[in-house]
Structures are given as C-alpha cells and as structure tokens.
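S.K.: Before anything else, here's the structure in question.
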Amino acid sequence: PPDHALANAVAHGLKSSMNSLTFALTCNALGTEKLEPLIIGRYQRPHCFKRRSGSELGFVYFFNTKAWMNHMIFQD
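Numbering (the working numbering), first residue to last: 420 to 495.
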C-alpha cells in the first residue's frame, strides 16, 4: 500500500500493517530438483501454526525481527 498521498486537507488514516513474510521457492533450471518452500517470518511461533512446526506443515520456517533473508538462513 502507498505510504504517501496528495491532499489539500488533513487526512486521518490507519497505521500501516507491520506484518511481513518472505517466501523462497527454489528449483534447478530443469525443474528436476525442488527444495521445500522456505518462509521467513517475524515470530518464533506464529499463532496461525497452531502449535505445529514448519516441517509438520510442509515447509522450512525461520524467523528474525525483520523477516528478511540473511547469510545465516541462506547458508542453511
């Protein structure tokens, strides 16, 4: 969503959502080798997982404060 607006009067709005996820779907050029989907979130145990791990749900899950890919996640 845009975070700037053109207005002649004061416009009151809502604070933008801070929720974010990073997804990585990887395979080789031929598509013969596919890795499990990788999801990076902001929380160690998100409520939506309902006490299950990422591997139980069919993907690899990492977390950090900004939900960004970093060198430690990339190496794993």
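We treat Cβ as the ideally placed atom computed from N, Cα and C, and that holds for glycine.
Please indicate yes or no: does the CB of Tyr-480 lie closer than 7 angstroms to some heavy atom of the ligand SAM?
M.R.: Here there are no bound small molecules, and the ligand SAM is not part of this structure.
S.K.: Which residues does DSSP list as the beta-bridge partners of Ala-443?
M.R.: DSSP lists Leu-457 as the bridge partner or partners of Ala-443.
S.K.: If we count the other Cβ atoms within 10 Å of its Cβ and call it buried at 16 or more, is Leu-454 buried or exposed?
M.R.: exposed
S.K.: Contact defined as beta carbons within less than 8 angstroms: I believe Phe-468 pairs with Leu-476. What is the distance between those atoms, to the nearest angstrom?
M.R.: 7 angstroms
S.K.: Out of Gln-494, Ile-458, Arg-470 and Val-479, point me to the one whose CA is closest to Lys-564's CA.
M.R.: Any property of residue 564 remains undetermined from this structure, which presents the chain solely from 420 to 495.
S.K.: Buried or exposed: where does Gly-460 fall if 16 or more other Cβ atoms within 10 Å of its Cβ makes it buried?
M.R.: buried
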